[in-house]
Structure formats: C-alpha cells, structure tokens
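Residue numbers (the numbering used here): 107 to 278.
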C-alpha cells in the first residue's frame with residue numbers, strides 16, 4: 107500500500123542514489139589496515155585467514171555503517187522501512203567491494219608462488235592502489251583541477267604510505 111505520491115517519489119529518488127564512493131576509499135583504507143594489523147607476529151598471516159579476515163571485516167564495517175546511518179538519520183521513533191534499509195545498504199556497499207581486490211590479490215599471490223608474506227604485501231599494495239584510484243576517480247568525476255588532482259593523489263599516497271610504514275614497523 108502506498109503512503110502517497112510524494113512519499114513514493116522520495117523513495118524512488120532514494121533508491122536511485124549512487125553508491126557512496128567515500129565508502130570505497132574508506133573500505134580500501136580499512137582493507138590496508140587489516141593487512142597491516144596482521145603483521146605483529148613473527149609469522150606472516152595464513153593466506154586463507156587473511157582472505158577471510160579482509161572479507162569479514164568489510165562486511166562487519168558495512169553493516170556497522172548501514173546501522174549508523176539508519177540510526178543517525180532517524181528523526182522520529184517510527185520503524186525503519188525496508189526501503190530505507192536498502193538505500194543505506196546500497197550506499198555503503200562499496201565498503202565491502204573494496205575488500206575484494208586485496209582478498210583476491212592474496213589468492214593470486216599464492217597461486218603465483220609468492221610466500222605468505224609476499225601475498226600479504228601484494229594485498230597491501232592493491233588496497234593502497236585501490237584507495238588512491240578511487241580518490242582520484244572521485245576527484246576527476248567532480249571536475250577537479252589538475253592541481254586538486256595532484257593534491258588528492260598526494261594526500262591519499264601519504265595515507266597509504268602511513269599504513270605501509272606501520273606494516274613494515276610491525277613485521278620487523
């Protein structure tokens with residue numbers, strides 16, 4: 107049953123909203139942090155465990171973001187609609203998607219004969235590269251000037267290198 111024409115139109119607009127590209131940048135940073143966080147021990151992470159950890163962390167943070175958006179956007183005590191949940195879930199889905207390339211890199215690294223540590227470093231490089239790629243894509247899509255593109259790339263490179271430095275410090 108319809109809540110009225112204006113509510114139906116608002117729901118249709120919400121359902122057409124694009125994904126949140128900030129979620130892809132955040133998810134890539136999250137994936138890089140997960141890989142870096144597996145380094146404190148003397149032994150590199152088991153590739154299967156790292157893949158599961160990357161994907162599970164992406165899903166848990168995605169659910170957390172969906173929940174936070176839904177609770178944060180509530181202006182009344184009304185129950186959340188399925189449409190609201192779907193919109194929030196779709197908007198934040200890039201957080202999960204960002205975990206897939208580094209997880210795939212771990213598997214590919216193993217198939218290529220890399221050591222467990224090598225596969226983890228490959229995943230970290232893919233996560234940082236993805237984070238930079240998404241940030242540059244968003245800036246370009248927004249019509250950023252060349253200077254702003256350089257600044258965006260530099261800022262994201264520094265963020266990524268901070269995570270790489272953390273990984274290197276924790277594994278040595």
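Glycine included, every Cβ here is placed at the ideal spot set by N, Cα and C.
Secondary structure of residue i, DSSP reduced to three states
{"i": "residue 149", "result": "coil"}
{"i": "residue 258", "result": "helix"}
{"i": "residue 190", "result": "helix"}
{"i": "residue 274", "result": "helix"}
{"i": "residue 264", "result": "helix"}
Inter-residue CB distance, residue i and residue j (contact presumed, cutoff 8 Å)
{"i": "residue 136", "j": "residue 164", "result": "7 Å"}
{"i": "residue 157", "j": "residue 213", "result": "6 Å"}
{"i": "residue 172", "j": "residue 205", "result": "Wrong, their Cβ atoms sit about 15 Å apart, outside the cutoff."}
{"i": "residue 222", "j": "residue 151", "result": "7 Å"}
Sub-8 Å separation of residue i and residue j beta-carbons
{"i": "residue 249", "j": "residue 200", "result": "no"}
{"i": "residue 289", "j": "residue 130", "result": "Given a span of 107 to 278 for the chain in the structure shown, any question on residue 289 remains unanswerable."}
{"i": "residue 233", "j": "residue 141", "result": "yes"}
{"i": "residue 265", "j": "residue 208", "result": "no"}
{"i": "residue 217", "j": "residue 228", "result": "no"}
Proximal residues to residue i (C-beta, below 6 Å), its chain only, five neighbours per side dropped
{"i": "residue 225", "result": "153, 212, 215 and 216"}
Any non-hydrogen atom of the ligand GDP closer than 7 Å to residue i Cβ
{"i": "residue 200", "result": "As presented, the structure is devoid of all ligands, the ligand GDP included, so that no description of it is given."}
message: With three or more beta-carbon pairs closer than 8 Å as the criterion, would you say the stretch 168–178 touches the stretch 228–246?
response: Using a Cβ-Cβ distance cut-off of 8 Å, the stretch 168–178 and the stretch 228–246 are not in contact, since fewer than three pairs of beta carbons, one from each stretch, lie closer than that value.
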